[in-house]
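Just below is one structure, and these are the notes that go with it.
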Amino acid sequence: IKAGTSQPSRDPEHLAFLFQEKLDLIDAGFGIEILILQAIETNKSTINQFSIYNGITQKSNTNIAKLIDRLSGKLGVQNVIRFYPVESHIPEQANRAVSAINSTKVSNSWANTSKFLNNCHLARPLELLSQPLPIDVIASIPDGPPIMFIWRKQKYKVMNSEGPERIAPEWWRPRKFSSNSSTFVPKERDYYKLEDHKGKRYWVYRNGNYSTQKITKWYLHGFFS
């Protein structure tokens, strides 16, 4: 049987708990004469001194790590994941899923991710669609926010809107060329937070703008709580 931890651990009670449920499933038959415990992968465990304030945060992080270990042992390592930020500001490419128990092994080029996220005040939807869905939009002026949008043949009247938040394309990355042209013109996105007449909130964007594109398309990209 095998068990793992997301952080170096020297807590015998926690390690015993990880093995307990798996040991209960073993048919011992005529009994077990010997058990061998082997640490096939180890890491350094460091001791950090904390102040009275961030010591509370450290204790909370330890409890979260124990929860991750227990869930991974019960549900499977591949079924317990967390999201790590990557070097992209395109919403659907800004994070990638990794195994929560192996997340400490993930190479992250952002030296202090938590500090960056705490200083980032850009609201993002609780549910982000992996593939934006096309919608039809009615706006009072061509480059203004929607006053109504149609999604899956249903009309949604917009009561409140906030935006736009413009996200420019990543011009420094390799690009695919269109099939009928030798050049590729990237399109910026103008994101809006919309609230319909039932209080539901949506994250939509216009692909391209009216000043440079004759035809622009709208997409639904996420839902706020």
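For what it's worth, the working numbering labels the leading residue of the sequence shown as -7, then goes sequentially.
Heads up, the beta-carbon is just placed ideally off N, CA and C, and yes, glycines get one too.
Predicted model only: the values in this text are computed from it and were never measured.
Please report how far the alpha carbon of L114 lies from the alpha carbon of L67, in whole angstroms.
-> What you label residue 114 is simply residue 122 of the sequence shown in a count that begins at 1. What you label residue 67 is simply residue 75 of the sequence shown in a count that begins at 1. Straight-line Cα distance between these residues: approximately 33 Å.
Between which two residues does the beta strand (DSSP E) harbouring Q146 extend?
-> Here the question's residue 146 lines up with position 154 in the sequence shown. That run of the beta strand (DSSP E) goes Q146 to I159.
Name, in chain order, the residues that DSSP records as bridge partners for F141.
-> Counted from its first residue, the sequence shown places residue 141 at position 149. For F141, which the question treats as bridged, DSSP gives the partners V129 and Y148.
Just how far apart, CA to CA, sit I(-7) and E13?
-> Translated into positions along the sequence shown, residue -7 becomes position 1. Translated into positions along the sequence shown, residue 13 becomes position 21. The alpha-carbon atoms of I(-7) and E13 are separated by roughly 10 Å.
L120 (DSSP reduced to helix, strand or coil) | The residue you call residue 120 lines up with position 128 of the sequence shown. It is a strand residue.
To the nearest angstrom, report how far apart G130 and G136 are at their CA atoms.
-> Translated into the one-based positions of the sequence shown, residue 130 becomes position 138. Translated into the one-based positions of the sequence shown, residue 136 becomes position 144. Contrary to the premise, residue 130 reads as Ile rather than Gly in this sequence. Each residue's Cα considered, the two are about 10 Å apart.
Using a Cβ-Cβ cut-off of 7 Å (strictly less than) and excluding sequence neighbours within five positions of E162, which residues of its own chain qualify?
-> The residue given as residue 162 occupies position 170 in the sequence shown. If we look at E162 and ignore the five residues flanking it on each side, its Cβ neighbours are S80 and I82.
Express the C-alpha separation of Y148 and F215 in angstroms, rounding to a whole number.
-> Translated into the one-based positions of the sequence shown, residue 215 becomes position 223. Translated into the one-based positions of the sequence shown, residue 148 becomes position 156. For F215 and Y148, the distance between alpha carbons rounds to 14 Å.
L121 to I24 span [Cα, whole Å] = Taking the first residue of the sequence shown as 1, we reach residue 121 at position 129. Taking the first residue of the sequence shown as 1, we reach residue 24 at position 32. If I take the Cα positions, the gap works out to 51 Å.
In or out: D61 buried (at least 16 other Cβ within 10 Å) or exposed?
-> As a first step, residue 61 must be located in the sequence shown, where it is residue number 69. Classification of D61: buried, given that the 10 Å Cβ count is 16 or more.
Same chain, Cβ closer than 6 Å to N201, five either side skipped, listed in chain order = As a first step, residue 201 is located in the sequence shown; it is residue number 209 there, counting from the start. Hits under 6 Å: none found.
Going by beta carbon distance, what residues of the same chain come within less than 6 Å of N154, once the five residues before and after it are set aside?
-> Numbered from 1 along the sequence shown, position 162 holds the residue referred to as residue 154. The sequence shown places Glu at residue 154, not Asn. Result list for E154: K185, in chain order.
With DSSP collapsed to three states, give me the class of A92.
-> In the sequence shown, the residue the question calls residue 92 occupies position 100. Looking at A92 - three-state DSSP - the assignment turns out to be helix.
Return the first residue and the last residue of the beta strand (DSSP E) that E187 is part of.
-> By one-based count along the sequence shown, residue 187 stands at place 195. Per DSSP, E187 belongs to the beta strand (DSSP E) from R181 to D188.
Output the distance between the C-alpha atoms of V72 and I142, rounded to the nearest integer angstrom.
-> Position 80 of the sequence shown, counting from 1, holds the residue named residue 72. Position 150 of the sequence shown, counting from 1, holds the residue named residue 142. Using only the alpha carbons, I get a separation of about 36 Å.
First through last residue of the alpha helix (DSSP H) which encompasses L29 = By 1-based counting over the sequence shown, the position of residue 29 is 37. L29 -> no alpha helix (DSSP H), and no H or E assigned at all.
Out of curiosity, what's the CA-to-CA distance linking N35 and V150?
-> Here the question's residue 35 lines up with position 43 in the sequence shown. Here the question's residue 150 lines up with position 158 in the sequence shown. Those two C-alpha atoms are separated by around 54 Å.
Enumerate in chain order the residues of its own chain whose CB-to-CB distance from A(-5) is below 6 Å, with the five nearest sequence positions on each side excluded.
-> Here residue -5 is taken as the residue at index 3 of the sequence shown, counted from 1. In chain order, L10, F11 and G65 place their CB closer than 6 Å to the CB of A(-5), counting only its own chain and leaving out the 5 sequence neighbours on each side.
Straight-line CA distance for P117 to L212?
-> For the purposes of this step, residue 117 is taken as residue 125 along the sequence shown, with counting starting at 1. For the purposes of this step, residue 212 is taken as residue 220 along the sequence shown, with counting starting at 1. Approximately 11 Å between the Cα atoms of the pair.
C-alpha gap between E5 and Y76, whole angstroms | Locating residue 5 in the sequence shown gives position 13, counting from the first residue. Locating residue 76 in the sequence shown gives position 84, counting from the first residue. About 30 Å.
Range covered by the beta strand (DSSP E) that runs through K209 | Your numbering for residue 209 matches position 217 in the sequence shown. K209 -> beta strand (DSSP E) spans K209 to F215.
The alpha helix (DSSP H) enclosing P4, as first and last residue numbers | The count along the sequence shown starts at 1 and reaches residue 4 at position 12. Annotation: the continuous alpha helix (DSSP H) that includes P4 extends over P4 to D16.
Going straight from the alpha carbon of V196 to that of Q123, what length do you get?
-> For this step, residue 196 is matched to residue 204 along the sequence shown. For this step, residue 123 is matched to residue 131 along the sequence shown. Rounded to whole angstroms, V196 to Q123 spans 12 Å at the Cα level.
Going by the C-beta, is I93 closer than 8 Å to any heavy atom of the ligand FAD?
-> Among the components of this structure there are no ligands whatsoever, and the ligand FAD is therefore not found.
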